[in-house]
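Sequential numbering from 1344 applies to the sequence shown in the numbering used here. What follows is one structure encoded as structure tokens, with my remarks underneath.
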Amino acid sequence: MSALKQGHGQWSSRMGFMLAAVGSAVGLGNIWKFPYMVGQSGGAAFVAVYLICIAMIGLPIIVAEWMIGRRGQKNPINTMADLAAANGRSKGWVMVGVSGTLAGFLILSFYSVIGGWALSYLIDAMSGGFTGMDKDAAGAAFSGMLGDPGSLTIWHTAFMALTAGVVAMGVAGGLERASKILMPALGVLLALMVGYGAASDGFGRALEYLFAPDFSKLTGEVVLAALGHAFFTLSLGMGVMIAYGSYLGEKVDLLRAARTVAIMDTVIALGAGLAIFPIVFANGLDPAAGPGLIFVTLPLVFGKITGGVILAGMFFLLLTFAALTSAISLLEPSVELLQERTPLGRVGATLLASAVIWALGIAALLSFNVWSDVLIFGNNIFDLLDKLTSKFLLPLTALGAVLFVGWCLDRDSVRDELNLSSGGFALWNLVVRFVAPIGVLVVFVSSL
Ligand code: PHE
């Protein structure tokens, strides 16, 4: 690939890389989606299956994606092309890089719209906008926001600008630096909120809800939802972890690092549950309220309890931080690609990629209002983007990545890289060759 430019960035430290990877993994998926999925899927049984999926399927795929990235040291597309050639495999493997980069690109367009909701609620929260809200007012505020293309555009634009601002500053100076500030702050905010929850009446019920499984609630659908979410929450299948691996030096122990990311991600998702459900139970709200759970039910409570303004501000700040460190990771594969394949520098590449993603996001946000009647294959644009990525691109990218590592890379080099005993390596092979690919295939096929 002679078109490639030199001067590939690197993380400045292991710690910085870890925080950026955790920052990518911890996002709206943990704080917005996980609690409402638990609520809709009947509580602890879902959590139990989710934990198994993280360990058996998520963890090996993180390692596989990082390993690919670190060996290639380029954007996901060139990396796959180089590795396929070096291992004497078909050029077709490049599709793993293509679908991953495309997935990240498409997901960011609507992720940024939701990031914009978080920003908008943050400003409302801090200005005391929830005070005295009743049930109808809270619902009306949320649907009012969705119905107003002008304000959705402003917030989406603001969120995208923040994201681009960080990414333009580079790998160590932007992504890593932002994660080093935002992630610890997020940890502190979440701990404070769990502390508040622990002191409230609803805490016992929240604990029971999250940790005492009733396996009679377990259906095929619940298992699939858990597996699909394990993927999303670990940022797998979108080129993100391949790109993050490409800035990684030889010294980092991939298995250990992946374990840390998986544990942190899970702890934060459970922490979000422990922050949100006590409030839900103590106030007689419905835990199965769905996507509106944090945007409709929580403001209602924040508006009537003492200290609600502060608590609400903290919560939506937390949500915004989590969304931002994930959004920057979604932008990175596209920027890395443009930077390496075109004459554009870092700033130009960031501007170009974000402008196109922004425009697509506008189409997505219009589907809540003016374009709500525009249906493609029966879906509005927002849902179409969501389904296309989560049902097709993510599973196919992740499947490709794990199969490539399991079957195409030289076995001895993988064993050395992971520093495994022969027993450990046998287990690793079993997981990456069979368990994880079959798990992914099952989700893929049954979601069709
Ligand atoms: N893992 C993020 C979350 O849980 C979402 C995300 C997916 C971020 C893919 C980056 C890449 O919200």
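For every residue, glycine included, the Cβ atom is placed at its ideal position computed from N, Cα and C. Computed from a predicted model, the values in this text were never measured in an experiment.
Asked                                                                                                                                   : Found
Length of the line joining the Cα atoms of residue 1465 and residue 1528                                                                : 16 Å
Residue 1672 beta carbon near ligand 1 (any heavy atom closer than 7 Å)                                                                 : yes
Residue range of the unbroken alpha helix (DSSP H) whose run includes residue 1571                                                      : 1563-1576
Classification of residue 1672 by the beta-carbon crowding that lies within 10 angstroms, buried from 16 upward                         : buried
As assigned by DSSP and simplified to three states, the class of residue 1722                                                           : strand
The region 1626-1645 contacting the region 1429-1447, beta-carbon criterion three pairs below 8 Å                                       : no
Straight-line gap, residue 1410 to residue 1545 (C-alpha atoms, nearest Å)                                                              : 44 Å
The region 1497-1513 touching the region 1652-1661, judged by at least three CB pairs closer than 8 Å                                   : no
C-alpha gap between residue 1721 and residue 1447, whole angstroms                                                                      : 23 Å
Residue 1494, enclosing alpha helix (DSSP H) - first and last residue                                                                   : 1492-1511
beta-carbon residue 1576 near ligand 1 non-hydrogen atom, thresh 7 Å                                                                    : yes
Close Cβ partners of residue 1344 (< 6 Å) along its chain, the five nearest in sequence each way excluded                               : In this prediction, residue 1344 has a pLDDT of 37, which is less than 50 and means its spatial position is unreliable; nothing more can be read from the coordinates.
For residue 1434, the three-state DSSP class (helix, strand or coil)                                                                    : helix
For residue 1711, the three-state DSSP class (helix, strand or coil)                                                                    : coil
Where residue 1590 sits in the DSSP three-state scheme                                                                                  : coil
Three CB pairs or more closer than 8 Å across the region 1593-1610 and the region 1508-1524                                             : no
Distance cut-off 7 Å: residue 1796 Cβ against heavy atoms of ligand 1                                                                   : Look at the range of the chain in this structure, 1344 to 1791, and you will see that residue 1796 is not part of it.
7 Å CB neighbourhood of residue 1775 in its chain, flanking five on each side removed                                                   : 1403, 1407, 1745, 1748 and 1749
Cβ-Cβ distance between residue 1553 and residue 1369 below 8 Å                                                                          : no
CA-to-CA distance, residue 1519 to residue 1649, given in whole angstroms                                                               : 37 Å
Contacts around residue 1556, its chain only, beta-carbon distance under 8 Å, and the 5 residues preceding and following it disregarded : 1386, 1387, 1388, 1390 and 1391
heavy atom of ligand 1 below 7 Å from residue 1370 C-beta                                                                               : yes
Proximal residues to residue 1758 (C-beta, below 7 Å), its chain only, five neighbours per side dropped                                 : 1768
Neighbourhood of residue 1701 by C-beta, 6 Å cutoff - its chain only, sequence neighbours within 5 removed                              : 1503
For residue 1636, three-class secondary structure by DSSP                                                                               : helix
Backbone CA spacing between residue 1349 and residue 1604 [nearest angstrom]                                                            : Only weak support exists for where residue 1349 lies, its pLDDT of 45 falling under 50; the coordinates are left without a value.
Three CB pairs or more closer than 8 Å across the region 1438-1455 and the region 1606-1623                                             : no
Three-state class that DSSP yields for residue 1772 in the structure shown                                                              : helix
Distance, residue 1682 Cα to residue 1346 Cα                                                                                            : Because the pLDDT at residue 1346 is just 42, under 50, the model does not fix this residue reliably, and the point stays unresolved.
Residue interval of the alpha helix (DSSP H) (run including residue 1556)                                                               : No alpha helix (DSSP H) holds residue 1556; DSSP gives it neither H nor E.
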